[in-house]
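A.B. asks: Can you keep this structure in mind? I'll have questions shortly.
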Amino acid sequence: ARAVLGTRNLVLVGLMGAGKSSIGRLVAHQLGIPFVDTDIEIERVSRMTISELFEAYGEDEFRALETRVIKRLLKGGPRVVSTGGGAFINDRTRRHVKRSGLSVWLKADLDVLWERVNKRDTRPLLKTENPKQTLEKLMNARYPIYAEADLTVLSRDVGKDVMVKEVLVAIV
Ligand code: S3P
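So the number in this note's numbering is just where the residue sits in the sequence shown, counting from 1, plus 506.
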């Protein structure tokens, strides 16, 4: 699988709770290439949490910063890059991602996502009256766009090791 990538990146996209960060880290380890998480990198360079950024500057500013950070991260391939859920939705970011390597959509259904995100309330987009409904709306709006990724892997509760294998099998 490592040889297939060459200097290209493997970029994980999909909604919050799909497992981009946890699976991405393990896939990178298996491939023996570096792992980066765009949200963590954004928090590092801004010295603020994602929630603080949303509160202080709003979503548009956050997206602008996200686009710049991802563009830079994609330059150092090969890497496994896990992206924030909205990154691939942005036209510019999606173009950068598509040019830099293989994109994999970790696709999950609403209940799987909800189970995973409702335990932690770190997601500013879900601070609404009815977060599950908000998540569903995000799904409906974004799934046609995530579908532009090169590959799709179904994210289920089958254990991380199985998910990692499925991603590795998908890319060869
Ligand atoms: C967002 C997802 C989050 C984070 C921000 C916005 C989104 O990342 O970037 O809260 O628009 O879906 P995760 O997908 O890692 O939770």
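Quick reminder that beta carbons are idealized off the backbone N, C-alpha and C, glycines included.
(1) Thinking just about the alpha-carbon of each residue, which of Val618, Ala653, Ala655 and Asn596 is nearest to the one in lysine 638?
(2) Whole angstroms is fine: what's the gap from arginine 662's alpha carbon to valine 678's?
(3) Could you check what DSSP says for serine 609 in three-state terms: helix, strand or coil?
(4) Pick out the complete alpha helix (DSSP H) segments inside the region 513-557, 4 residues or longer, and give them in chain order.
(5) Check threonine 658 in the structure and name its three-state DSSP category.
(6) Going by other Cβ atoms of all chains shown within 10 Å of its Cβ, with 16 needed for buried, is tyrosine 649 buried or exposed?
(7) Flag proline 630 as yes when its Cβ comes closer than 7 Å to any non-hydrogen atom of the ligand S3P, and as no otherwise.
(8) Going straight from the alpha carbon of leucine 559 to that of leucine 511, what length do you get?
(9) So, isoleucine 548 versus valine 517, is the Cβ gap smaller than 8 Å?
(10) Quick one: what's glutamine 587 bridged to in DSSP?
(11) Could you say which of Lys604, Trp611, Met522 and Leu641 lies nearest to glutamate 672 if we only look at CA atoms?
(12) So, at 6 Å on beta carbons, what are the nonlocal neighbours of proline 630 in its own chain, with the 5 sequence-adjacent residues on each side left out?
(13) My output table needs one value for threonine 634: the three-state DSSP class, helix, strand or coil.
(14) Look up valine 618 in the DSSP assignment and say whether it is helix, strand or coil.
(15) Does the Cβ of asparagine 596 have 16 or more other Cβ atoms within 10 Å, making it buried, or fewer, making it exposed?
C.D. replies: So, from the data block:
(1) Of the residues Val618, Ala653, Ala655 and Asn596, the one whose Cα lies closest to the Cα of lysine 638 is Val618.
(2) So the alpha carbons of these two residues sit roughly 21 Å apart.
(3) Of the three classes helix, strand and coil, the one that applies to serine 609 here is strand, per DSSP.
(4) Segments of the alpha helix (DSSP H) lying fully in the region 513-557: 526-537 and 544-552.
(5) Threonine 658 falls in the strand class under three-state DSSP.
(6) Exposed: under 16 other Cβ atoms inside 10 Å.
(7) Yes, the ligand S3P has a heavy atom inside 7 Å of this Cβ.
(8) Going from the Cα of leucine 559 to the Cα of leucine 511 covers about 33 Å.
(9) Cβ distance not < 8 Å, so isoleucine 548 and valine 517 don't count as in contact.
(10) According to the sequence as given, residue 587 is valine; it is not glutamine. Paired residues: Val517 and Val542.
(11) Of Lys604, Trp611, Met522 and Leu641, the smallest CA-CA separation from glutamate 672 is found for Trp611.
(12) Contacts found: Ser557 and Phe560.
(13) Correct three-state label for threonine 634: coil.
(14) Correct three-state label for valine 618: helix.
(15) Under this definition asparagine 596 is a buried residue.
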